Amino acid sequence: MKFNKSIEAFVAAKQRIPGGVNSPVRAFKSVNADPVFIERAKGARVWDIDGNEYLDFVASWGPMILGHAHEEIVKTVQEAAERGTSYGAPTLVETQMAELITSMVPSIEKVRMVNSGTEATMSALRLARGFTGRDLVVKFAGCYHGHADSFLIKAGSGAITLGLPDSPGVTKASAKDTLTAEYNNLESVEELFKKHSNEIAAVILEPVTGNMGVVLPEPGFLEGLREITREHGAMLIFDEVITGFRLAPGGAQQHFGIEPDLTTFGKIIGGGLPVGAYGGRNEIMDKLAPDGPVYQAGTLSGNPLAMAAGCVMLNTLKNNPSIYEEMERKAAKLEAGIKANLQATGVSGVVNRLGSMMTLFFTDLPEVKSFADAMTSDTNKYASYFKKSLESGIYLAPSQFESLFVSAAHTDEDIDTIIAANKAALQSL
Ligand code: PMP
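So the sequence shown is numbered by my numbering: it starts at 16 and just counts up by one.
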């Protein structure tokens, strides 16, 4: 494979864009490689500007659950664009979107659209603070909730891989309002509530993590958080930016049968257009401006193109439960294939999976159940594995601490292809 045009493009990009990218993980830094520049995508495939074709398991970091350039989504966006790209005024499609989300996610009675996952979590936290009249938030080490100040404390995703758990520019004053607990460790949460019982506005988490790699909640963990938060009058916020509409039509909360007070979404609900949302019960959501005192706004929020794409996306997911069954079947086949390859090649690793989200951790541990477990992974080994996979036409996340996504566009042959490429990549380590 040749990457000449991408290498040249990166040199040019670095002259005018910090680090050459508009979001850090794209730079392939943690796998010591140069990024490939993408020209187009269709279904489960992407093509770079050198003409290389890849089977895509990044899926724009989650949203392309139906595959790229889905015909009906493209057509709907084109038609919407003909009618204008933004008005800054209410449209019918926003109510359709809100009706769809509330019909799919029972814990949500009202929902507010924003433009990214970051905005969703940031706004949900403000609302939780406004509703409870408290300042503190509990997050979990290794969970990523976007780049708002309150969440850039022991954060996952690019913040781990680039070694920037606490970013310069986040003030001590905002950092002091964020308490950190250990994922899958209820005692660490109880300790914080003991010390700060009436001061904690919210506990926020990825109910299944994607941003330290995929780590599943231990039985009782989510239930325990629900109980503790209820007991202390704090909000439980599920950040379902990755899991929402992916693990089930109603997200992780449906899968595990736990009702959070607030939920945040991103990515998937825009069908790949910039979007986010947060929602919950009426009594909480009605505290938002213009009816309530908690202010949050957005010129492009509920953007007509994003809403049009998102409604097609969610309607398709809502009306075709077989999509989830098929993704589960293919992802289970992939998991079994990778596990067999690990055995056959003698490479030590752990595969964590739920539904269509999966991570292969290069660790000697028998299981990965916590951030500390995830951090034992050999990131150099992942870098070699990543590069070998890329060169064989498999596009994976350029970091150990991310999820692989199976989409509805992947065929059984695609799964066979990645299993074979995985074996070759493992053999080369
Ligand atoms: N929460 C979670 C769980 C995420 O995975 C992400 C992004 N990967 C965000 C929030 C932030 O979303 P965005 O990048 O759209 O701001």
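Backbone N, C-alpha and C fix where the C-beta goes; we use that ideal spot for every residue, glycine too.
All values reported here derive from a predicted model rather than from experimental measurement.
Look up D393 in the DSSP assignment and say whether it is helix, strand or coil.
Position 378 of the sequence shown, counted from the start, is the residue given in the question as residue 393. It is coil, neither helix nor strand.
Taking the C-alpha atoms as reference points, what is the distance between R31 and A96?
In the sequence shown, counting from the first residue as 1, residue 31 sits at position 16. In the sequence shown, counting from the first residue as 1, residue 96 sits at position 81. Going from the Cα of R31 to the Cα of A96 covers about 29 Å.
Please state whether DSSP places M79 in a helix, a strand or coil.
Residue 79 sits at position 64 when you count from the first residue of the sequence shown. It is coil, neither helix nor strand.
Using CA atoms only, rank isn't needed, just tell me which of T432, A216, F416, P308 is closest to G173.
Numbered from 1 along the sequence shown, position 158 holds the residue referred to as residue 173. The option with the nearest alpha carbon to G173 is F416.
Taking only heavy atoms of the ligand PMP into account, decide whether any of them is closer than 6 Å to the Cβ of T133.
Against the sequence shown, residue 133 aligns to sequence position 118. T133: yes, Cβ under 6 Å from the ligand PMP.
Does the structure place the stretch 376-393 close enough to the stretch 334-350 that three or more beta carbon pairs sit under 8 Å?
no
Please name the residue in V290, L220, R261 whose C-alpha comes closest to that of P275.
Start at 1 with the first residue of the sequence shown, and residue 275 comes out as number 260. Checked all of V290, L220, R261; the closest Cα to P275 is L220.
Please identify the residue among D429, F25, F43 whose C-alpha is closest to the C-alpha of R35.
For the purposes of this step, residue 35 is identified with residue 20 of the sequence shown, where counting begins at 1. The sequence shown places Gly at residue 35, not Arg. For G35, the nearest C-alpha among the options comes from F25.
Three-state secondary structure assigned by DSSP to I53
On the sequence shown, residue 53 is found 38 positions in, with the first residue counted as 1. The answer is strand: DSSP assigns I53 an E or B state.
Between which two residues does the beta strand (DSSP E) containing T281 stretch?
For the purposes of this step, residue 281 is taken as residue 266 along the sequence shown, with counting starting at 1. In the sequence as presented, Thr is not what sits at residue 281; that position holds Gly. From DSSP, the beta strand (DSSP E) with G281 extends over 277-281.
G259: beta carbon under 6 Å from a heavy atom of the ligand PMP?
Taking the sequence shown and counting its residues from 1, one reaches residue 259 at position 244. Because no heavy atom of the ligand PMP lies under 6 Å away, the Cβ of G259 does not count as near it: no.
Can you look up N37 in the DSSP assignment and give me helix, strand or coil?
Numbered from its first residue, the sequence shown carries residue 37 at position 22. Coil.
Does the ligand PMP have even one heavy atom less than 6 Å from the beta-carbon of E114?
In the sequence shown, residue 114 corresponds to position 99, counting from 1. No, the Cβ of E114 stays beyond 6 Å of every heavy atom of the ligand PMP.
If you follow the alpha helix (DSSP H) that F146 is part of, which residue opens it and which one closes it?
Position 131 of the sequence shown, counted from the start, is the residue given in the question as residue 146. Segment 132-147, the alpha helix (DSSP H) holding F146.
Could you tell me which residues DSSP puts in a beta bridge with K125?
Translated into the one-based positions of the sequence shown, residue 125 becomes position 110. DSSP, once it has assigned bridges, lists G295 as partnering K125.
Is it the case that the Cβ atoms of L411 and S422 are separated by a distance below 7 Å?
As a working mapping, residue 411 is identified with position 396 in the sequence shown. As a working mapping, residue 422 is identified with position 407 in the sequence shown. Cβ distance not < 7 Å, so L411 and S422 don't count as in contact.
DSSP three-state label for M372, please.
Within the sequence shown, numbered from 1, the residue matching residue 372 stands at position 357. In this structure, M372 counts as strand in the three-state DSSP scheme.
Answer yes or no: does any C-beta atom of chain C fall closer than 7 Å to that of L142?
This model lacks chain C altogether; it includes just one protein chain.
When burial is assigned at 16 or more other CB atoms within 10 Å of the CB, is S371 buried or exposed?
Position 356 of the sequence shown, counted from the first residue, corresponds to residue 371. With 16 or more Cβ atoms within 10 Å of its Cβ, S371 is classed as buried.
Ignoring anything shorter than 3 residues, give me the beta strand (DSSP E) runs that lie fully in the stretch 199-226, in order along the chain.
215-220
Excluding sequence positions up to five away, which residues of its chain have a Cβ less than 6 Å from the Cβ of N199?
Numbered from its first residue, the sequence shown carries residue 199 at position 184. Here the set comprises E233, F236, K384, S385.
Compute the Euclidean distance between the alpha carbons of L142 and S75, then round it to the nearest angstrom.
Stepping through the sequence shown from its first residue, residue 142 is reached at position 127. Stepping through the sequence shown from its first residue, residue 75 is reached at position 60. Each residue's alpha carbon lies about 29 Å from the other.
Can you tell me whether DSSP reads D63 as helix, strand or coil?
The residue labelled residue 63 in the question sits at position 48 within the sequence shown. Strand at D63.
Using the rule of at least 16 other Cβ atoms within 10 Å of the residue's Cβ for burial, across every protein chain shown, is Y159 buried or exposed?
Counting from 1 along the sequence shown, the entry for residue 159 is found at position 144. Y159 should be labelled buried.
Can you name the start and end residues of the alpha helix (DSSP H) that V26 belongs to?
As a position in the sequence shown, residue 26 is number 11, starting the count at 1. It spans 19-31 - the alpha helix (DSSP H) in which V26 sits, taken as one unbroken run.
Meets three-Cβ-pair contact criterion under 8 Å: the stretch 123-137 and the stretch 86-102
no
Can you give me the start and stop residues for the beta strand (DSSP E) that K44 sits inside?
In the sequence shown, counting from the first residue as 1, residue 44 sits at position 29. Unbroken run through K44: none, as it is neither H nor E.
If you follow the beta strand (DSSP E) that E233 is in, where does it begin and where does it stop?
The sequence position of residue 233 within the sequence shown is 218, counting from 1. Here E233 belongs to no beta strand (DSSP E), and DSSP marks it neither H nor E.
Through-space distance from F43 to F401, alpha-carbon basis
For the purposes of this step, residue 401 is taken as residue 386 along the sequence shown, with counting starting at 1. For the purposes of this step, residue 43 is taken as residue 28 along the sequence shown, with counting starting at 1. Those two C-alpha atoms are separated by around 10 Å.
Would you grab the beta carbon distance between M300 and E124 for me? Rounded to a whole angstrom, and I think it's under 8 Å.
Reading the sequence shown from its first residue, position 285 is the one you call residue 300. Reading the sequence shown from its first residue, position 109 is the one you call residue 124. The pair is a contact, with the Cβ atoms about 7 Å apart (cut-off 8 Å).
Between which two residues does the alpha helix (DSSP H) harbouring L115 extend?
Walking along the sequence shown from the start, residue 115 turns up at place 100. Unbroken alpha helix (DSSP H) run through L115: 107-119.
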